[in-house]
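Q: Here it is, the structure in full.
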Ligand SMILES: [Zn+2]
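Numbering (the numbering used here), first residue to last: 489 to 873.
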C-alpha cells in the first residue's frame, strides 16, 4: 500500500515528467498523418504536421525506394503508418539517430522524378509536405531491349571496381572468441579469402587489408583503402553475446551524427586534401591552394559516401537474408573508425555470433562460407547494376 507521502512523491514525479516532455515537445514538429494518393504519374505522399518540418528526400535503386528523413519530429498519439497503395509496396519507419526519423517507402517501380513542396496552412494549423513521385513506366520494355548492352556495360564497369575487404582484428588482437579455441580474427580472415576469390572470378579488383594473422591499426586500414582507390570497403567481423541464443547476421553503417562530426573534424584540418583519394575528390573543387576546400563540399563528400553505404547495406541485407538468419534490425548505425572515410561507401558486417551453436557451426563450415560469400557477390553486382 502507498502511504500519503509516497503518493505525493509519485504525483511529483509524474508532474515533472509531464512538464519536461511538454517543454521538449515545443521544439518538435508533431506528425499526425501520412497519406498516399494514387496519381497517373505514380503517387503523391502527404505528410501532415503542426509546425514546419525540416526534411530531406532521396531515392534508392534495386529495389526501388524513397527515403524521407525528418528532423526533430514526434508522432501524434493516434498516428499510424498508411496502408500500402498503388506503387507503394511497404512503408517502414525508424529512427536514423536521435534527431532524425527515417521513413522508407518500398516501391514496385523505379522512380523517374521526385517533386516536393511544403505548404503553409490556409486554414487550421496543419502544414502539409507534398512529395510527388513520378515512376518510370517504360522501364520494363527498355530493359528487355537493352539487356545485352546493359550486360556488357556492367561487365566493363565491374572490372574497374576496387573492392577492399577488411578482415577485422588480427595478431595480438583476437577479437571475440569462444572458449579460447575459436577466434574471430581467424574466422573473418577465412571468410574474407573465400569472398576475395569469388569477387576476382567475377571481374573485380580485390584487396584484403591483411592476408595473414597480423595486427593492423584501424587508421592504417582506412589509409590502405584510400591508396588502393577503393570503390567499396567491407569490414568483416563476428559477434559475441552473453546470451547464447542470440544469433544472426547484421550490417553497420556510420550514423549521421558521427558522419557530421567527422566532416567537421576534416574541415578543421590544415591539410584537408590529404584525407581524400583521387576518386573521393570527384565533385570537390580544389582551388590552387590545396587546403582551401569548402566545408560544404567536405560535408557533401561524407554524405555521398554515407548515402551509398546505406544503399549497399540495404542491398546486402536483402541478399543475405535469402541464406542466413538475420539479427533483429539487421541494418544498424554506429561510429566505427573504419567507416569514417568520405572516399567510398563502407559497411561493417557481423557474420554471426560465435557464442551461438548454430552460428558457430556455420562460421566454421567451408560450405556455409561459400554460400554466404555468393550472396555478398550478388549484392555487390546488384549495387553496380
Ligand atoms: Zn570484431
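Beta carbons: idealized from backbone N, C-alpha and C, even for Gly.
1. Which residues does DSSP pair with residue 592 in a beta bridge?
2. May I ask which residues mark the beginning and end of the beta strand (DSSP E) holding residue 805?
3. Would you check if the region 786-795 and the region 744-755 touch, i.e. whether three or more CB-CB distances between them fall below 8 Å?
4. Taking a contact to mean a Cβ-Cβ separation below 8 Å, would you say residue 876 touches residue 619 in this structure?
5. So, at 8 Å on beta carbons, what are the nonlocal neighbours of residue 702 in its own chain, with the 5 sequence-adjacent residues on each side left out?
6. Using the C-alpha atoms, what's the distance from residue 848 back to residue 667?
7. With DSSP as the reference, identify every bridge partner of residue 720, one or two as the case may be.
8. Who are residue 666's beta bridge partners in DSSP?
9. Is it right to say residue 699 is buried, meaning 16 or more other beta carbons lie within 10 angstroms of its own, or is it exposed?
10. Who does residue 607 pair with in a DSSP beta bridge?
11. When we look at the beta-carbon of residue 762 and count the other beta-carbons within 10 Å, is it buried (16 or more) or exposed?
12. Cβ of residue 827 within 8 Å of Cβ of residue 867?
13. Please tell me whether residue 724 and residue 815 are closer than 8 Å, where the distance is taken between their beta carbons.
14. Could you spell out the range, first to last residue, of the beta strand (DSSP E) harbouring residue 693?
15. Using DSSP with H/G/I as helix, E/B as strand and the rest coil, what is residue 541?
16. Please report the straight-line C-alpha distance between residue 593 and residue 566, rounded to a whole angstrom.
A: Reading from the atomic positions:
1. Answer by DSSP bridge pairing, in chain order: 555 and 580.
2. That residue, residue 805, is in no beta strand (DSSP E); its alpha helix (DSSP H) goes 783-808.
3. Yes: the two stretches touch, three or more of their Cβ pairs being nearer than 8 Å.
4. Outside the displayed span of the chain (489 to 873) sits residue 876, for which this structure offers no information.
5. Around residue 702: 658 and 659.
6. Straight-line spacing of the CA atoms in residue 667 and residue 848 works out to 12 Å.
7. Answer is 651.
8. According to the DSSP secondary-structure assignment, residue 666 is paired through a beta bridge with 670.
9. Burial is judged here by how many other beta carbons sit within 10 angstroms of a residue's own beta carbon; residue 699 has fewer than 16 and is exposed.
10. Beta bridge pairing from DSSP links residue 607 with 616.
11. With fewer than 16 other Cβ atoms within 10 Å, it is exposed.
12. No Cβ-Cβ contact shorter than 8 Å links residue 827 with residue 867.
13. Residue 724 is not a Cβ neighbour of residue 815, given a cutoff of 8 Å.
14. Residues 693-696.
15. Judged by DSSP in its simplified three-state form, residue 541 adopts coil rather than helix or strand.
16. About 20 Å.
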